[in-house]
Amino acid sequence: MTNVLRALGGADWVLQEVLLPRSKPRDTAPYGRFFRAPVRFDQEAAALVFSADHLEQHIAGADPTVRRLVEGRIRRLEAQRSSSLTEELRRYLRIQMTQQLCTADRVARMWRVNRRTFSRHLRAEGTTFKQLASEAQFQVAKQLLAETCMSLTEISATLNFSEPAAFTHAFRRWSGMTPSAWRLENRAS
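Residue numbers (the UniProt record's numbering): 1 to 189.
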(Lines of atoms letter the chains of each structure in order from A and count residues from 1; the text may use other names and numbers.)
(Lines give C-alpha, C1' and ligand atoms only; values in the text may rest on other atoms or scores of the structure.)
Protein backbone atom coordinates (compact mmCIF):
# COMPACT_ATOMS: atom_id res chain seq x y z
CA MET A 1 0.00 0.00 0.00
CA THR A 2 2.76 2.46 0.88
CA ASN A 3 4.49 1.76 -2.41
CA VAL A 4 1.26 2.46 -4.31
CA LEU A 5 0.73 5.71 -2.39
CA ARG A 6 4.33 6.76 -3.04
CA ALA A 7 3.98 5.97 -6.74
CA LEU A 8 0.76 7.98 -6.99
CA GLY A 9 1.85 10.83 -4.74
CA GLY A 10 5.31 11.34 -6.13
CA ALA A 11 8.50 12.42 -4.40
CA ASP A 12 6.71 14.80 -1.99
CA TRP A 13 4.51 12.09 -0.49
CA VAL A 14 5.63 11.07 3.02
CA LEU A 15 4.12 9.20 5.92
CA GLN A 16 3.92 10.98 9.26
CA GLU A 17 3.67 7.70 11.19
CA VAL A 18 2.51 4.09 10.95
CA LEU A 19 0.26 2.35 13.49
CA LEU A 20 0.33 -1.45 13.75
CA PRO A 21 -1.93 -3.70 15.86
CA ARG A 22 0.83 -6.18 16.63
CA SER A 23 3.24 -6.51 19.49
CA LYS A 24 6.53 -4.67 19.20
CA PRO A 25 9.25 -6.93 17.76
CA ARG A 26 12.75 -6.96 19.22
CA ASP A 27 14.17 -5.37 16.08
CA THR A 28 12.02 -2.52 14.79
CA ALA A 29 14.61 -1.20 12.34
CA PRO A 30 13.22 -3.09 9.29
CA TYR A 31 9.83 -1.44 9.84
CA GLY A 32 11.38 2.02 9.98
CA ARG A 33 13.41 1.35 6.83
CA PHE A 34 10.41 0.05 4.93
CA PHE A 35 7.91 2.74 5.95
CA ARG A 36 10.45 5.56 6.21
CA ALA A 37 8.41 6.91 9.16
CA PRO A 38 8.03 6.36 12.89
CA VAL A 39 6.19 3.09 13.66
CA ARG A 40 4.02 2.55 16.75
CA PHE A 41 3.09 -0.98 17.79
CA ASP A 42 0.28 -2.42 19.97
CA GLN A 43 -2.28 -0.08 18.38
CA GLU A 44 -6.02 -0.71 18.07
CA ALA A 45 -5.91 -0.77 14.28
CA ALA A 46 -3.47 -0.58 11.40
CA ALA A 47 -3.13 2.89 9.92
CA LEU A 48 -0.92 4.94 7.66
CA VAL A 49 -0.93 8.52 8.91
CA PHE A 50 -0.19 11.27 6.40
CA SER A 51 -1.14 14.87 5.78
CA ALA A 52 -4.66 15.51 4.51
CA ASP A 53 -3.05 17.78 1.92
CA HIS A 54 -2.01 14.65 0.03
CA LEU A 55 -5.68 13.83 -0.59
CA GLU A 56 -6.03 17.01 -2.63
CA GLN A 57 -2.97 16.30 -4.74
CA HIS A 58 -3.55 15.84 -8.46
CA ILE A 59 -2.40 12.49 -9.82
CA ALA A 60 -0.62 12.78 -13.15
CA GLY A 61 -2.36 10.79 -15.89
CA ALA A 62 -5.57 10.29 -13.86
CA ASP A 63 -8.61 9.42 -15.99
CA PRO A 64 -12.01 10.63 -14.64
CA THR A 65 -13.89 7.84 -16.45
CA VAL A 66 -11.72 5.14 -14.89
CA ARG A 67 -12.14 6.83 -11.52
CA ARG A 68 -15.95 6.66 -11.75
CA LEU A 69 -15.81 2.99 -12.76
CA VAL A 70 -13.43 2.11 -9.93
CA GLU A 71 -15.44 4.05 -7.34
CA GLY A 72 -18.62 2.25 -8.45
CA ARG A 73 -16.91 -1.12 -8.15
CA ILE A 74 -15.61 -0.24 -4.68
CA ARG A 75 -19.11 0.76 -3.54
CA ARG A 76 -20.54 -2.55 -4.81
CA LEU A 77 -17.80 -4.54 -3.05
CA GLU A 78 -18.30 -2.64 0.20
CA ALA A 79 -22.03 -3.33 0.06
CA GLN A 80 -21.34 -7.08 -0.28
CA ARG A 81 -18.68 -7.17 2.42
CA SER A 82 -19.55 -7.44 6.06
CA SER A 83 -17.88 -4.66 7.97
CA SER A 84 -18.46 -6.42 11.26
CA LEU A 85 -15.68 -8.27 13.06
CA THR A 86 -18.42 -10.42 14.56
CA GLU A 87 -19.66 -11.56 11.13
CA GLU A 88 -16.14 -12.24 9.87
CA LEU A 89 -15.36 -14.23 13.01
CA ARG A 90 -18.61 -16.21 12.69
CA ARG A 91 -17.67 -17.26 9.15
CA TYR A 92 -14.11 -18.10 10.17
CA LEU A 93 -15.17 -20.19 13.18
CA ARG A 94 -17.74 -22.20 11.22
CA ILE A 95 -15.03 -23.10 8.70
CA GLN A 96 -12.22 -23.76 11.20
CA MET A 97 -14.21 -25.39 14.02
CA THR A 98 -13.57 -28.94 12.77
CA GLN A 99 -10.01 -28.28 11.58
CA GLN A 100 -8.31 -27.01 14.72
CA LEU A 101 -8.89 -25.88 18.26
CA CYS A 102 -10.11 -22.30 17.93
CA THR A 103 -9.11 -20.24 20.95
CA ALA A 104 -9.34 -16.47 21.30
CA ASP A 105 -5.55 -16.28 21.64
CA ARG A 106 -4.96 -18.32 18.50
CA VAL A 107 -7.48 -16.36 16.41
CA ALA A 108 -6.16 -13.01 17.65
CA ARG A 109 -2.60 -14.07 16.76
CA MET A 110 -3.69 -15.29 13.33
CA TRP A 111 -5.39 -11.93 12.69
CA ARG A 112 -2.24 -10.22 14.01
CA VAL A 113 -4.01 -8.31 16.74
CA ASN A 114 -3.48 -8.17 20.47
CA ARG A 115 -5.86 -10.47 22.40
CA ARG A 116 -7.18 -7.63 24.57
CA THR A 117 -7.76 -5.44 21.52
CA PHE A 118 -9.56 -8.33 19.83
CA SER A 119 -11.82 -8.83 22.88
CA ARG A 120 -12.46 -5.10 23.16
CA HIS A 121 -13.64 -4.92 19.53
CA LEU A 122 -15.97 -7.87 20.06
CA ARG A 123 -17.40 -6.30 23.24
CA ALA A 124 -18.01 -3.08 21.30
CA GLU A 125 -20.12 -5.16 18.89
CA GLY A 126 -22.04 -6.68 21.83
CA THR A 127 -20.52 -10.16 21.92
CA THR A 128 -17.57 -12.23 23.12
CA PHE A 129 -15.33 -14.83 21.57
CA LYS A 130 -16.82 -17.47 23.85
CA GLN A 131 -20.35 -16.68 22.64
CA LEU A 132 -19.32 -16.79 18.98
CA ALA A 133 -17.33 -20.02 19.40
CA SER A 134 -20.28 -21.65 21.17
CA GLU A 135 -22.62 -20.48 18.39
CA ALA A 136 -20.26 -21.91 15.76
CA GLN A 137 -20.01 -25.23 17.62
CA PHE A 138 -23.81 -25.42 17.67
CA GLN A 139 -24.11 -24.65 13.95
CA VAL A 140 -21.46 -27.22 13.01
CA ALA A 141 -22.92 -29.79 15.41
CA LYS A 142 -26.36 -29.43 13.77
CA GLN A 143 -24.80 -29.82 10.34
CA LEU A 144 -22.85 -32.95 11.36
CA LEU A 145 -25.91 -34.47 13.05
CA ALA A 146 -28.18 -33.80 10.07
CA GLU A 147 -25.83 -34.58 7.21
CA THR A 148 -23.46 -37.32 8.41
CA CYS A 149 -23.56 -40.71 10.05
CA MET A 150 -20.88 -39.72 12.55
CA SER A 151 -21.46 -41.04 16.06
CA LEU A 152 -21.94 -38.62 18.96
CA THR A 153 -18.48 -39.63 20.18
CA GLU A 154 -16.96 -38.68 16.81
CA ILE A 155 -18.86 -35.39 16.66
CA SER A 156 -17.86 -34.46 20.21
CA ALA A 157 -14.20 -35.20 19.40
CA THR A 158 -14.43 -33.25 16.12
CA LEU A 159 -15.77 -30.23 18.01
CA ASN A 160 -13.08 -30.54 20.71
CA PHE A 161 -15.33 -31.55 23.59
CA SER A 162 -13.59 -33.43 26.41
CA GLU A 163 -16.14 -36.26 26.23
CA PRO A 164 -19.51 -37.10 24.65
CA ALA A 165 -21.35 -36.19 27.88
CA ALA A 166 -19.96 -32.64 27.69
CA PHE A 167 -21.14 -32.39 24.08
CA THR A 168 -24.61 -33.70 25.01
CA HIS A 169 -24.85 -31.20 27.88
CA ALA A 170 -23.83 -28.28 25.62
CA PHE A 171 -26.19 -29.36 22.84
CA ARG A 172 -29.10 -29.60 25.27
CA ARG A 173 -28.29 -26.08 26.52
CA TRP A 174 -28.24 -24.79 22.90
CA SER A 175 -31.35 -26.54 21.58
CA GLY A 176 -33.36 -27.80 24.53
CA MET A 177 -32.99 -31.41 23.37
CA THR A 178 -30.34 -34.12 23.20
CA PRO A 179 -28.24 -34.52 20.05
CA SER A 180 -29.87 -37.91 19.37
CA ALA A 181 -33.39 -36.49 19.61
CA TRP A 182 -32.43 -33.50 17.45
CA ARG A 183 -30.91 -35.85 14.85
CA LEU A 184 -34.11 -37.91 14.67
CA GLU A 185 -36.19 -34.78 14.03
CA ASN A 186 -33.82 -33.11 11.57
CA ARG A 187 -32.14 -35.94 9.67
CA ALA A 188 -31.43 -35.10 6.00
CA SER A 189 -33.41 -37.38 3.70
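Ideal Cβ placement from N, Cα and C applies to all residues, glycine included.
I'd like to confirm the pairing. Which residues does DSSP put opposite V66 in its beta bridges?
Taking the first residue of the sequence shown as 1, we reach residue 66 at position 66. Beta-bridge pairing links V66 to no other residue.
Spatial neighbours of V113 within its chain, please: C-beta separation below 6 Å, excluding the five flanking residues on both sides.
Against the sequence shown, residue 113 aligns to sequence position 113. Cβ within range, chain order: P21.
Once DSSP output is grouped into helix, strand and coil, what is the label at L101?
The residue labelled residue 101 in the question sits at position 101 within the sequence shown. Three-state result, L101: coil.
Could you spell out where the alpha helix (DSSP H) holding V140 opens and where it closes?
Looking up residue 140 in the sequence shown gives position 140. Looking at the DSSP string, the run of the alpha helix (DSSP H) that includes V140 is F129 to E147.
Considering Cα atoms alone, identify which of T168, T117, S134 and L132 is closest to D42.
For the purposes of this step, residue 42 is identified with residue 42 of the sequence shown, where counting begins at 1. Minimum Cα-Cα distance from D42 among the listed residues T168, T117, S134 and L132 corresponds to T117.
Considering only the beta carbon of each residue, do E135 and R90 sit closer than 8 Å?
By one-based count along the sequence shown, residue 135 stands at place 135. By one-based count along the sequence shown, residue 90 stands at place 90. Yes; because the gap between Cβ atoms is below 8 Å, this pair is in contact.
When the Cα atoms are used, what is the spatial distance from F35 to L55?
On the sequence shown, position 35 is the one that residue 35 refers to. On the sequence shown, position 55 is the one that residue 55 refers to. Looking at the two C-alpha atoms, the distance is approximately 19 Å.
Should R183 be labelled buried (16 or more other beta-carbon atoms within 10 Å of its own) or exposed?
Taking the sequence shown and counting its residues from 1, the one referred to as residue 183 is at position 183. With 16 or more other Cβ atoms within 10 Å, it is buried.
Given C149 as reference, the closest of Q137, R187 and A124 once Cα atoms are compared
Here residue 149 refers to the residue found at position 149 when the sequence shown is read from its first residue. Comparing Cα positions, the closest option is R187.
Bridge partners of E17, per DSSP?
Counted from its first residue, the sequence shown places residue 17 at position 17. Answer is V49.
Extent of the continuous alpha helix (DSSP H) to which N186 belongs
For the purposes of this step, residue 186 is taken as the residue at position 186 of the sequence shown. Unbroken alpha helix (DSSP H) run through N186: P179 to N186.
DSSP has residue 201 in a bridge; who is on the other side?
What the structure shows of the chain is the stretch from 1 to 189, and residue 201 is not part of that stretch, so it cannot be assessed.
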